[in-house]
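So the protein lines, in turn, are chains Y, D, V and G.
Quick note: the first sequence uses the numbering used here, first residue 1, plus one each step.
Quick note: the second sequence uses the numbering used here, first residue 349, plus one each step.
Quick note: the third sequence uses the numbering used here, first residue 697, plus one each step.
Quick note: the fourth sequence uses the numbering used here, first residue 1045, plus one each step.
No residue lacks a Cβ here, since even glycine has one placed at the ideal position from N, Cα and C.
4 protein chains.
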Amino acid sequence: MASRPTVIVDPWPRTIGLVFTPKTRERLEAMADLVIHEDGRMPDTMLDTALPRAAALIGQSDMPADRLERAPHLRAIVNVEGNFLPNVDYSTCARRGVSVLSVAPCFSVPVAEMGLGLAIDLARGITATDRAFRDGSEQYGLAGNRRSFLLTGSTFGLVGYGNLGRALRPLLTPFGGTVRVYDPWLPPGYLREQRCVPASLDELLASSRVIFLLAGVTEENRGLIGRRELERMQDDAAVVLLSRAPLVDWEAFVEAARSRRIRVATDVFPQEPVPPGDPVREVRDLLASSHRAGGIPEAFRTMGEMVVDDLDLILQGLPPVRLQQARPETAGRYRSAPGRSYAKETTP
Amino acid sequence: MASRPTVIVDPWPRTIGLVFTPKTRERLEAMADLVIHEDGRMPDTMLDTALPRAAALIGQSDMPADRLERAPHLRAIVNVEGNFLPNVDYSTCARRGVSVLSVAPCFSVPVAEMGLGLAIDLARGITATDRAFRDGSEQYGLAGNRRSFLLTGSTFGLVGYGNLGRALRPLLTPFGGTVRVYDPWLPPGYLREQRCVPASLDELLASSRVIFLLAGVTEENRGLIGRRELERMQDDAAVVLLSRAPLVDWEAFVEAARSRRIRVATDVFPQEPVPPGDPVREVRDLLASSHRAGGIPEAFRTMGEMVVDDLDLILQGLPPVRLQQARPETAGRYRSAPGRSYAKETTP
Amino acid sequence: MASRPTVIVDPWPRTIGLVFTPKTRERLEAMADLVIHEDGRMPDTMLDTALPRAAALIGQSDMPADRLERAPHLRAIVNVEGNFLPNVDYSTCARRGVSVLSVAPCFSVPVAEMGLGLAIDLARGITATDRAFRDGSEQYGLAGNRRSFLLTGSTFGLVGYGNLGRALRPLLTPFGGTVRVYDPWLPPGYLREQRCVPASLDELLASSRVIFLLAGVTEENRGLIGRRELERMQDDAAVVLLSRAPLVDWEAFVEAARSRRIRVATDVFPQEPVPPGDPVREVRDLLASSHRAGGIPEAFRTMGEMVVDDLDLILQGLPPVRLQQARPETAGRYRSAPGRSYAKETTP
Amino acid sequence: MASRPTVIVDPWPRTIGLVFTPKTRERLEAMADLVIHEDGRMPDTMLDTALPRAAALIGQSDMPADRLERAPHLRAIVNVEGNFLPNVDYSTCARRGVSVLSVAPCFSVPVAEMGLGLAIDLARGITATDRAFRDGSEQYGLAGNRRSFLLTGSTFGLVGYGNLGRALRPLLTPFGGTVRVYDPWLPPGYLREQRCVPASLDELLASSRVIFLLAGVTEENRGLIGRRELERMQDDAAVVLLSRAPLVDWEAFVEAARSRRIRVATDVFPQEPVPPGDPVREVRDLLASSHRAGGIPEAFRTMGEMVVDDLDLILQGLPPVRLQQARPETAGRYRSAPGRSYAKETTP
């Protein structure tokens, strides 16, 4: 039927089964004719055949200007991997009114909860104590608590205040302390409305007991947290790295943990999987999480719901509200590589 | 001078240096003449000599009826160990208007934060992943997250709602889920005012994804969580034990973790220190914390501040507000043994 | 039956029907034999006859020491009027272990909500605009908003932090501003735990845009807010009086509103009902509420529930948790007269 | 200098002095060359002369397609009146990458606070009591509280969940009740993330004690709340109208208040100023606010800050974050007329 929209589904390196539950897939099928490639990347010919009638594309297929030209009815491209990569001609999309959307927000709450968990662990030594308990060297009560501190009343610093920062902020509220934010893309008045204290990076580093590194990686901020910045931190500060490893000078970061100048937890590494013999595996004061902060089963269920919700709005002529919309101003700046392991992800 | 009050300080098994910082000790000295025994338990003769002029006693000295009789000016007994033990004749104190106070509230926020940290760890596998990372068996992304779940939107159950429950409740607020409480000493209307849902124990066990065991141990509730109650829990429920081990049928509790029926974290054990070869040390799904939830340095600093604040009020003829007041109705019912290790605690 | 407790119900000047709904009365009857006087004050002979077997008394009957002596089984006196008056020998009760309880907490949330409503009205001129609208002199938009200000980001000051302050504090949280408290009965550490900033009275008055007067009246604080204190307030401060009129120098308080030095709202007056020709009725910048902040139908429904909940606990040998317990230290100090109009209150 | 951007400032019907404080104007002058028309609407020739070099336009000047063509460097149009009117060719702007922004968000918090104040007034009769007090007919205590109810535990319903709803939601949090939302432009999952319960309009009307009407007016929702919808409301529901009068069937709405079927407060009227003899002025149960909810001095100070903050970002090549961005999908749908009185607004 002429009036029924067509949606192309090419989720590689994710799979259909990972992105959609039976229920969300059913909703999607009810609203559009689907052109689906279940296995691996969709062949170019299949994609090119479908584009002329497509209202939306779900996936990370390459969409340079010339291909966009062949899709006159296209209204949305939904990236289900989560990072805005240079596979799309963002400015052509903006000019054409094609919304480019990312599922990144479905990972925000999972990452924020993990961030809080890692921070409490650094403050209280949960992992270290359990390890000691297993080898019989645990200490009880105050004797085991020499380095423990409370989050209540601590000072917090957030480097970057995008999806992750906005999801983390309310989790810190019950602890009552000042939350400083450094984000050069956001004006002070915006941050104050979010109940944060705008700060320069140096002020933040010097005044925060607990620091969350949340900024996506761009050309400008690669290596933002280098030796100089690590030195500005308080002695024994607790630092949680959640966004991407290139945000820090990795060698200096690991060294600061090894020397016990600061306490460190990280969900990301310069190379993933971390090579078997990497010495980072031996650093006692570095709490390691293997890129697990975001990709939990509930995140993927939410992902499909967000995609279908927003496509539904777009096909009705309404603005999307759940996914993150690429801004032509910034989409081209991100340099976050996708997680190395996603290709192996299958249905939860 | 006749009008200057006398305060006896006999903090054993704690020490003066642990209870008071230089600053709180200075405040104490400014408000009263102190009779202090620094080292070990105060000799009876020293105590008996001071009692006739004492306005307050800080410590766990035995205070049976006959000794209380010899202390006509006594207005407060401040237990700095934290548990109401049978060392005091509570009904005589009540009749005489002697407030018996405990420093237990100084541990509430530290225990609540640890409880949240243990719950996030059970939900996300922080400790288990770090352990895997050190032996090279970690898994990345979704592959490592098969059992992970969010606290956001989870159902919570609190067994017991005293100091600990009241400190934990606000930490759960940002996660937005229902918080059920079972506490036979508290009427439903009270719990509703606290934004909790009153529940029977069975309802709570069956409907909560995350369960916190917080009740102090009394004659009535020893073994409250037995095999039957463990069976009522949801498959894969996360259970955090924070109060005292006798609240649970220990063998069944450990077995439920070993068989992976539920996930368990505990800060307390039937015997502390846990014997070297105790098989509990090998249970992978039991996250072990060696009675470290409450006794952190900040708790001890707060302890001294609370003691001096309340003594100041009492000596002015005002009611104490920071410490927990023994109720003659319930003080005699508690059977929580003190932590085994406190005698070794010294100044932080 | 010998083991069934007896409870005396003498609620005058309230009535049974006001204090208990059919449902709470039924609960009460299920737990005890009741000796009830429905109409007016219970005759002394009736009271004296029942006392020897009474486990509890609900009402404001006079209970001097000699009468308490005749009630050997008495465990609780529940004042359903709300103020601790000198009708009870509080120190004998304390010595005897008789809990003296007040229903005052049932009014806290209603008073707090009214306090917030009055504060927003002072900030935004709701009442004044509606008045102007009725006489055709209203102004639109900014022209009508010259004196309007936001609560968000304002500084708040609470004079007194008892039941009312604790109920008001969370209502101010979303506005994000500093909440200063002056309460000489509470140490700074207690107030900080409540997320308040302890302050001297002068500091609070000088730094708060919105001031809530919440302290109960004692011998010490009568006239606490006098001319000197009114002068310390910021120009155009908004002041909400919710506890009792004698807390302020009434003449100076009204004059400060009349001269538009400050904005004032009050729920209480030195004489109630206010005399017909009282000039306070003409003061445009004084927002008047006729002692209506607490006594709403829901408060009375909660009152009965609180009374029955706590009696139930007491008869089980457990401590009460919902009503306010008289402290021998302070019960004798209060001088708040009851509201003048309560005798006229009947079933909602 | 060639590289210094040009910004056109044509704020009519507002004035420069209303939109910018000396401080925000100074910031604006530091970042761009300004073409300013201080008095009345900018003449077309002046505007047309400046457009070829303009990077941004602050004001509501007509910008049809042909004029946009003459502004090749234009990156932003900032509407400082607050409503997206048909003065701009939104789809051309979208295609060209010209952000069209509105200052509407600066009014959200003021409107939300006023909305809460009006709701408490309806619940507690603040205005009505003050009116009675002035004519000597006030009633004290419960006698004056027959119709009073608490917000705590009430059910809330929000019709429309845009800027206003998002600002109001956190103010309702301390009252703890369910917040239902009807907004056909938002999917259920989005509303749940905001801690709201998605509802159909009928469900919301039938189950909410307090209803806030917040939706902007579009072709589709004109008269949304008609006789049928008013009849679905609970007896004695409290209804607060904050967006625009055409959202309701005005005659039926006023009649429902007059007959005391429901309680009503409104900040808007079909004709403003309301004609002198309009019978709405006599309706006792209609609380009237003369379009004063948003336009307070602080809102205008925030307005200028938001404008300068976002222009600063845009001129740096970053996305704006404080103002509301017109969506081509919906900008054309709004039919809210601006407030009638804004032309008279001058510097606060």
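Discussion item. Which residue wins for smallest C-alpha separation from Ser-985 (chain V), given the options G:Arg-1213, G:Glu-1349 and G:Asp-1174?
Written reply: If we check each option's Cα against that of Ser-985 (chain V), G:Asp-1174 comes out closest.
Worksheet item: Out of Y:Gly-153, Y:Glu-138 and Y:Gly-177, which has the shortest C-alpha to C-alpha gap to Arg-146 (chain Y)?
Response: Y:Glu-138
Worksheet item: Who does Asn-145 (chain Y) pair with in a DSSP beta bridge?
Response: According to DSSP, which records beta bridges pairwise, Asn-145 (chain Y) is partnered with nothing at all.
Fill in: Rounded separation between Arg-1155 (chain G) and Ala-1148 (chain G) - CA only
The residue asked about is misnamed: residue 1155 (chain G) is Val in this sequence, not Arg. Cα to Cα, Val-1155 (chain G) sits roughly 11 angstroms from Ala-1148 (chain G).
Discussion item. Once DSSP output is grouped into helix, strand and coil, what is the label at Tyr-509 (chain D)?
Written reply: coil
Practice prompt. Give the straight-line distance between the Cα atoms of Cys-454 (chain D) and Arg-1018 (chain V), rounded to the nearest whole angstrom.
Written response: 23 angstroms
Fill in: DSSP-derived helix/strand/coil call for Met-581 (chain D)
In the three-state DSSP reduction, Met-581 (chain D) falls in the coil class, being neither helix nor strand.
Fill in: Test item: CB-CB of Asp-931 (chain V) and Arg-957 (chain V) under 8 angstroms
In this structure, Arg-957 (chain V) lies closer than 8 angstroms to Asp-931 (chain V) by Cβ.
Practice prompt. If I'm right that Val-1225 (chain G) touches Leu-1208 (chain G) with Cβ under 8 angstroms, what's the distance once you round it to whole angstroms?
Written response: Not a contact, Cβ separation roughly 12 angstroms.
Worksheet item: Name the chain Y residues that come within less than 7 angstroms of Glu-1373 (chain G), Cβ to Cβ?
Response: Near Glu-1373 (chain G) (Cβ distances below 7 angstroms), the residues of chain Y are Gly-317, Leu-318 and Pro-319.
Fill in: Residues that Leu-242 (chain Y) contacts on chain D, provided the C-beta gap is smaller than 8 angstroms
Result: empty, since nearest Cβ-Cβ is about 13 angstroms, beyond 8 angstroms.
Fill in: Start and end residues, beta strand (DSSP E) containing Arg-959 (chain V)
959-962
Worksheet item: Where does Thr-45 (chain Y) land, buried or exposed, given buried means 16+ other C-beta within 10 angstroms?
Response: exposed
Worksheet item: So which residues on chain V does Arg-540 (chain D) lean against when the C-beta distance must stay under 7 angstroms?
Response: The contacting residues do not exist; Arg-540 (chain D) stays about 10 angstroms from chain V at best.
Worksheet item: Nearest CA to the CA of Ser-200 (chain Y): which residue from Y:Arg-333, Y:Gly-160 and Y:Arg-25?
Response: Y:Gly-160
Item to complete: Count the other CB atoms, across all protein chains shown, that sit within 10 Å of the CB of Pro-760 (chain V); report buried if there are 16 or more and exposed otherwise.
Response: exposed
Discussion item. So for Asp-1165 (chain G), helix, strand or coil by DSSP?
Written reply: helix
Worksheet entry | Proximity test, Cβ basis, 8 angstroms: Asp-483 (chain D) and chain V | no
Worksheet entry | is_contact[Arg-1175 (chain G), chain V] using C-beta, thresh 8 angstroms | Output row for Arg-1175 (chain G): interface = yes.
Item to complete: Hey, could you find the ends of the alpha helix (DSSP H) Arg-222 (chain Y) is sitting in?
Response: First-last for Arg-222 (chain Y): undefined, no H or E at that position.
Worksheet item: Among all the DSSP beta bridges, which residues are the ones paired with Gln-194 (chain Y)?
Response: For Gln-194 (chain Y), which the question treats as bridged, DSSP gives no partner whatsoever.
Practice prompt. Kindly indicate which three-state DSSP category Ala-767 (chain V) falls into: helix, strand or coil?
Written response: coil
Worksheet item: Can you find at least 3 beta carbon pairs, one from the segment 1220-1235 of chain G and one from the segment 1244-1261 of chain G, that sit closer than 8 angstroms?
Response: Yes, since at least three Cβ pairs between the segment 1220-1235 of chain G and the segment 1244-1261 of chain G fall closer than 8 angstroms, the two stretches touch.
Fill in: Completely contained alpha helix (DSSP H) runs for the segment 1079-1115 of chain G, where each covers 4 or more residues
List check, alpha helix (DSSP H) in window: 1088-1094 and 1109-1113.
Worksheet item: Quick one, which of G:Ala-1282, G:Arg-1139 and G:Phe-1219 has its alpha-carbon nearest Glu-1373 (chain G)'s?
Response: G:Arg-1139
Worksheet entry | Contacts that Gln-139 (chain Y) makes with chain D (C-beta to C-beta distance below 7 angstroms) | Ser-638
Fill in: Against chain G: residues of the segment 867-899 of chain V by CB proximity under 9 angstroms
Leu-867, Leu-868, Thr-869, Pro-870 and Phe-871
Worksheet entry | Alpha-carbon to alpha-carbon, Gly-177 (chain Y) and Phe-1344 (chain G) | 30 angstroms
Worksheet item: Does the beta-carbon of Gln-316 (chain Y) have 16 or more other beta-carbons within 10 angstroms, so that it is buried, or is it exposed?
Response: exposed
Worksheet item: For Asp-10 (chain Y), which residues does DSSP report across the bridge?
Response: Beta-bridge partners assigned by DSSP to Asp-10 (chain Y): Y:Gly-59.
Fill in: Beta-carbon proximity list for Ser-439 (chain D), same chain, < 7 angstroms, skipping 5 on both sides
Here the set comprises Pro-676.
Fill in: Contacting positions in the segment 1150-1169 of chain G - beta carbon closer than 7 angstroms to chain V
Val-1153, Pro-1154, Glu-1157, Met-1158, Leu-1160, Gly-1161, Leu-1162, Ile-1164, Asp-1165 and Arg-1168
Discussion item. I'd like to know if the segment 1345-1356 of chain G and the segment 1066-1076 of chain G are in contact, where contact means that at least 3 CB-CB pairs between them fall below 8 angstroms.
Written reply: yes
Worksheet item: Which term fits Arg-1048 (chain G), buried or exposed, when burial requires 16 or more other beta carbons within 10 angstroms of its beta carbon?
Response: exposed
Fill in: For Leu-781 (chain V), the nearest candidate out of V:Val-805, V:Arg-771 and V:Ser-798 (CA to CA)
When each option's Cα is compared against that of Leu-781 (chain V), the closest is V:Ser-798.
Fill in: First through last residue of the beta strand (DSSP E) which encompasses Leu-635 (chain D)
634-636
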